[in-house]
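Engineer: Before I ask anything, here is the structure I am working with.
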Amino acid sequence: MNSTNIEKRAYTEQETAAYIGMSRSFLRQSRMEGQRKNRTVAPPFIKIGRAVRYLKEDLDQWLDNHSKLNHLVCVGGMNA
């Protein structure tokens, strides 16, 4: 079997950042801080020894769970 044809299931932090379009800094901070008020919840991750990995199916579900916006609504009477 040719190893170049294997589809990856677990992504590194750098691969995950590129896949979801967020920074590595976002991934690190959200992993360390956990769920905080008014912050985007980080995608689920796994640890294998010291290595942090993100599973493709978790990333796809995390992306699907975010609302799709057609436009932003002004809140609190502030004008854009």
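The numbering used here applies: residue 10 is where the sequence shown begins, and numbers increase by one.
Think of the CB as a built atom: it goes at the ideal place given N, C-alpha and C, for glycine as much as any other residue.
Predicted, not measured: the structure shown is a model, and the values here were computed from it.
1) May I ask you to report which of helix, strand or coil DSSP gives Arg48?
2) Return the Cβ separation of Ile29 and Leu72 in integer angstroms, given the expectation that the two are a contact with Cβ distance under 8 Å.
3) Can you give the Cα-Cα distance for Arg40 and His80, rounded to whole angstroms?
4) Just to confirm, are Arg62 and Ala19 a CB contact at a threshold of 9 Å?
5) Three-state secondary structure (DSSP) at Leu72?
6) Looking at the structure shown, is Ile15 part of a helix, part of a strand, or coil, going by DSSP?
Structural biologist: Concretely, from the data shown:
1) coil
2) 6 Å
3) 29 Å
4) yes
5) In this structure, Leu72 counts as helix in the three-state DSSP scheme.
6) coil
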